[in-house]
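A.B. asks: Each number in this note's numbering comes from the position in the sequence shown (counting from 1) with 9 added on.
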Amino acid sequence: MSQDRFPDKKIHLGIFFQGVNHTTIWSDPSSGPQIDFETFRRMVTTAERGLFDAFFLGEGLRLREQDGRILDLDIAGRPDAITQLAALAGITRHIGLVATQNITYNEPADLARKLAGLDLLSGGRAGWNAVTTDNAWTGANFRRGGFADHALRYERAGEFLTLARQIWDSWSDDAIALSAHGSTWLAPDSVRPVQADSDHFRVSITPTLPRSPQEHPVIFQAGDSPAGRDFAAAHAEVIFSRHGTDFDEASEFADDIRARLRAAGRPEDDIRILPGTQIVLAEQESEVEDKVRWVLENQITGPTALSLVGQVWGIDLSDRDPDGPLPAEDPAPSPISGTRGAQRDGQDRIEIAHAWRALAEAKHLTLRQVAVETSHRSGFAGTPGRVADELTRWVRRGASDGFNISPYLVPTGLDDIVDLLIPELQERNSYRTEYTGSTLREHLGLRPPLTRRG
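So, in structure tokens, the structure goes:
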């Protein structure tokens, strides 16, 4: 008997390119420059050829730092996400275009207008990955600084999204005069001002743009804390989660989100859950292990391994041998803060160091091997047929609605996925064979925006 909860469900796929990261193998000859439009033209057209739902750009507002210096191992330098996606809108017809934009350091009138502009220019294909930041390191770029704690951050974000939706709803459907014989371009009283007077916003806004064919940009959100999950259940339409490697963890996360949706008075299928993952393909089973090893060794180079371990120990390890042992001494007993923007900010150094030492002793690992084991999980690896079976299992058993794939090579990292994996998914009837709509909302099978449901 099948264990599939959703036996006819189709997989949704996005491509995700992070704003700042060490997982893109920039040193490979097939990698393109991050400031070259051709790099992203090649990647987005490949994704559209593969019938992907969306092309998703992360955003880094500040370069990461370690020991008071810019961390020069990261890939960085890509132009602003909305600017980049507006350019890509002109060379694509179907694929959704999702921009990560920070609520903490923007204002509703300005950001809602920019996103509405992208939505109009693309014919209703825009999405907004709404993120917040509370650290003074990023905030130093802005007059506010890192001004809000975790709870207050989400409170302001909720008000921000409410205002954004009011701005997008402010023009009536018949606001623009359709007759050349009319006396005015705008119909009388067809644009409603948007006002707010709270601790976070005191504004009186006259919105300047009508709605797009999909009415609102699709709202993405990536918070994983209890507050972040509640925020998603109240506001989001797509969740970009970090549970893209372990089926049981992903299933627990998906069930938790469905429960929170019900508690918020929304249908449990009102959100698409797209965990981030990496896919490594090889045409023969005998080639898979070597391909995975090549990817990991090129993502976690010797200098990168020393940097990652140095973040935990709180010391400069750049003169150490990455193929030697972990440091023998314990780190200082303080939360990790040596690298601004590090994934493990705020975690306990000694606890992590002891766990890593135990791992190294149990598996006889070098410093670099520990960094590989602990900093990156490969996601899905195998032949196209085996990976297609596994992706289909995840979606039809309810662990996710699809995946947001981060290619390890840019722009060529999607080629094997589109040429080898997509046909296998289509053969299993678990992936579309053509675009049947024109907007991102239609691709994802989403209902109208929350404020447009009558």
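Here a beta-carbon is modelled for each residue, glycine too, at the ideal position from N, C-alpha and C.
Everything numeric in this text was worked out from a predicted model, so none of it was measured.
If you follow the beta strand (DSSP E) that S213 is in, where does it begin and where does it stop?
C.D. replies: As a working note, residue 213 is residue 204 in the sequence shown. Counting along the chain, the beta strand (DSSP E) containing S213 begins and ends at 211–214.
A.B. asks: Over the uninterrupted alpha helix (DSSP H) stretch that includes H21, give me the two end residues.
C.D. replies: Working through the sequence shown from its first residue, we reach residue 21 at position 12. First-last for H21: 21–26, but that is the beta strand (DSSP E), not the alpha helix (DSSP H).
A.B. asks: Expressed to the nearest angstrom, what Euclidean distance is found between the alpha-carbon atoms of G388 and I288?
C.D. replies: Sequence index remark: in the sequence shown, residue 388 carries index 379 (1-based). Sequence index remark: in the sequence shown, residue 288 carries index 279 (1-based). C-alpha separation (whole angstroms): 6 Å.
A.B. asks: Which one or two residues does DSSP pair with V200 in a beta bridge?
C.D. replies: Start at 1 with the first residue of the sequence shown, and residue 200 comes out as number 191. According to DSSP, V200 bridges with W180.
A.B. asks: Throw me the rounded Cβ distance for the T445 and Q435 pair, which I believe falls under 8 Å.
C.D. replies: Walking along the sequence shown from the start, residue 445 turns up at place 436. Walking along the sequence shown from the start, residue 435 turns up at place 426. Wrong, their Cβ atoms sit about 14 Å apart, outside the cutoff.
A.B. asks: Short check: CB of H244 to CB of P458, under 8 Å?
C.D. replies: Position 235 of the sequence shown, counted from the start, is the residue given in the question as residue 244. Position 449 of the sequence shown, counted from the start, is the residue given in the question as residue 458. Taking 8 Å as the Cβ cut-off, H244 and P458 do not qualify as a contacting pair.
A.B. asks: Are the CB atoms of A56 and I91 nearer to each other than 8 Å?
C.D. replies: As a working mapping, residue 56 is identified with position 47 in the sequence shown. As a working mapping, residue 91 is identified with position 82 in the sequence shown. Against a cut-off of 8 Å, the Cβ pair of I91 and A56 comes out as no contact.
A.B. asks: Please check the pair E292 and T392, which I expect to be a contact at CB under 8 Å, by giving their CB distance rounded to whole angstroms.
C.D. replies: Taking the sequence shown and counting its residues from 1, the one referred to as residue 292 is at position 283. Taking the sequence shown and counting its residues from 1, the one referred to as residue 392 is at position 383. That pair is a contact at about 7 Å.
A.B. asks: Could you spell out the range, first to last residue, of the alpha helix (DSSP H) harbouring Q308?
C.D. replies: Position 299 of the sequence shown, counting from 1, holds the residue named residue 308. Segment 294–308, the alpha helix (DSSP H) holding Q308.
A.B. asks: Count the other CB atoms within 10 Å of the CB of Q12; is the residue buried (16 or more) or exposed (fewer)?
C.D. replies: Numbered from its first residue, the sequence shown carries residue 12 at position 3. It counts as exposed.
A.B. asks: Measuring CA to CA, which of I112, Q110, H373, D183 is closest to P197?
C.D. replies: For the purposes of this step, residue 197 is taken as the residue at position 188 of the sequence shown. Per the Cα distances, D183.
A.B. asks: Relative to the C-alpha of L270, which residue among N438, S295, A242, V297 is closest?
C.D. replies: Locating residue 270 in the sequence shown gives position 261, counting from the first residue. Checked all of N438, S295, A242, V297; the closest Cα to L270 is A242.
A.B. asks: Per the contact definition of three or more C-beta pairs closer than 8 Å, is the stretch 106–114 in contact with the stretch 124–140?
C.D. replies: A contact exists between the stretch 124–140 and the stretch 106–114.
A.B. asks: Going by DSSP in three states, W35 sits in which element: helix, strand or coil?
C.D. replies: On the sequence shown, residue 35 is found 26 positions in, with the first residue counted as 1. It is coil, neither helix nor strand.
A.B. asks: If I measure Cβ to Cβ from A263 and keep anything under 7 Å in the same chain, skipping five residues before and after, which residues do I get?
C.D. replies: Here residue 263 is taken as the residue at index 254 of the sequence shown, counted from 1. I282, G407, A408, S409.
A.B. asks: Could you tell me the boundaries of the alpha helix (DSSP H) in which L120 lies?
C.D. replies: The residue you call residue 120 lines up with position 111 of the sequence shown. Where L120 is concerned, the enclosing alpha helix (DSSP H) stretches over 117–130.
A.B. asks: Can you give me the C-alpha to C-alpha distance between T421 and G59, rounded to a whole angstrom?
C.D. replies: As a working note, residue 421 is residue 412 in the sequence shown. As a working note, residue 59 is residue 50 in the sequence shown. Approximately 13 Å between the Cα atoms of the pair.
A.B. asks: Starting from I324 and walking both ways along the alpha helix (DSSP H), at which residues does that stretch end?
C.D. replies: Here the question's residue 324 lines up with position 315 in the sequence shown. It is not in any alpha helix (DSSP H) - I324 carries neither H nor E in the DSSP assignment.
A.B. asks: Tell whether a beta-carbon distance below 8 Å holds between A364 and W322.
C.D. replies: The count along the sequence shown starts at 1 and reaches residue 364 at position 355. The count along the sequence shown starts at 1 and reaches residue 322 at position 313. Cβ distance not < 8 Å, so A364 and W322 don't count as in contact.
A.B. asks: Between the Cα of E261 and those of A205, R238, A85, spot the shortest distance and give me the residue it belongs to.
C.D. replies: Stepping through the sequence shown from its first residue, residue 261 is reached at position 252. Out of A205, R238, A85, R238 has the C-alpha closest to the C-alpha of E261.
A.B. asks: What does the alpha-carbon distance come out to for the pair Q320 and Q223?
C.D. replies: Position 311 of the sequence shown, counting from 1, holds the residue named residue 320. Position 214 of the sequence shown, counting from 1, holds the residue named residue 223. If I take the Cα positions, the gap works out to 44 Å.
A.B. asks: Please name the residue, chosen from W146, P342, A371, R402, that lies closest to D357 on a Cα-to-Cα basis.
C.D. replies: To locate residue 357, count along the sequence shown from 1; it is residue 348. Of the candidates W146, P342, A371, R402, the one whose C-alpha sits nearest the C-alpha of D357 is P342.
A.B. asks: Would you call the stretch 42–52 and the stretch 413–430 in contact, with 3 or more CB pairs under 8 Å?
C.D. replies: Contact holds: three or more Cβ-Cβ distances are below 8 Å.
A.B. asks: State the start and end residues of the unbroken beta strand (DSSP E) segment that holds I228.
C.D. replies: Residue 228 sits at position 219 when you count from the first residue of the sequence shown. Start and end: 227–230.
A.B. asks: Just mark Q204 as buried or exposed, buried being the case when its beta carbon has 16 or more other beta carbons within 10 Å.
C.D. replies: By one-based count along the sequence shown, residue 204 stands at place 195. With fewer than 16 Cβ atoms within 10 Å of its Cβ, Q204 is classed as exposed.
A.B. asks: For D398, does the three-state DSSP call read helix, strand or coil?
C.D. replies: Mapped onto the sequence shown, residue 398 falls at position 389. If DSSP states are grouped into helix, strand and coil, D398 belongs with the helices.
A.B. asks: Determine which residues share a DSSP beta bridge with L2 and list them.
C.D. replies: Nothing in the structure corresponds to residue 2, since the chain is present only between 10 and 463.
A.B. asks: What are the boundary residues of the beta strand (DSSP E) that includes F64?
C.D. replies: Looking up residue 64 in the sequence shown gives position 55. From DSSP, the beta strand (DSSP E) with F64 extends over 63–66.
A.B. asks: Excluding the 5 residues preceding and the 5 following T215 in the sequence, name in chain order all residues of the same chain whose CB lies nearer than 6 Å to its CB.
C.D. replies: For the purposes of this step, residue 215 is taken as the residue at position 206 of the sequence shown. Closer than 6 Å at Cβ, skipping near neighbours: P202.
A.B. asks: Leaving out five residues before and five after D425 in sequence, what residues of the same chain have Cβ atoms less than 7 Å from its Cβ?
C.D. replies: Numbered from its first residue, the sequence shown carries residue 425 at position 416. L290, listed in sequence order.
A.B. asks: Nearest to V379 by CA position, among T313, P416, S327, F26, is which residue?
C.D. replies: Position 370 of the sequence shown holds residue 379. Nearest of T313, P416, S327, F26 to V379, Cα basis: T313.
A.B. asks: Span of the beta strand (DSSP E) holding V140?
C.D. replies: Counting from one through the sequence shown, the residue named residue 140 turns up at place 131. Run containing V140: 135–140, per the beta strand (DSSP E) assignment.
A.B. asks: Closest to R395 by CA distance: which of E294, I112, R78 is it?
C.D. replies: Reading the sequence shown from its first residue, position 386 is the one you call residue 395. Taking only the C-alpha atoms, the option nearest R395 is E294.
A.B. asks: When you compare the CB positions of I44 and R71, do they come within less than 8 Å of one another, or not?
C.D. replies: Here residue 44 refers to the residue found at position 35 when the sequence shown is read from its first residue. Here residue 71 refers to the residue found at position 62 when the sequence shown is read from its first residue. Cβ distance not < 8 Å, so I44 and R71 don't count as in contact.
A.B. asks: Are there 16 or more other CB atoms within 10 angstroms of the CB of R349, so buried, or fewer, so exposed?
C.D. replies: As a first step, residue 349 must be located in the sequence shown, where it is residue number 340. At R349, the pLDDT of 45 sits below 50, so the modelled position is not reliable; the number obtained from the coordinates is stated separately. Its Cβ being crowded by 16 or more others within 10 Å, R349 is buried.
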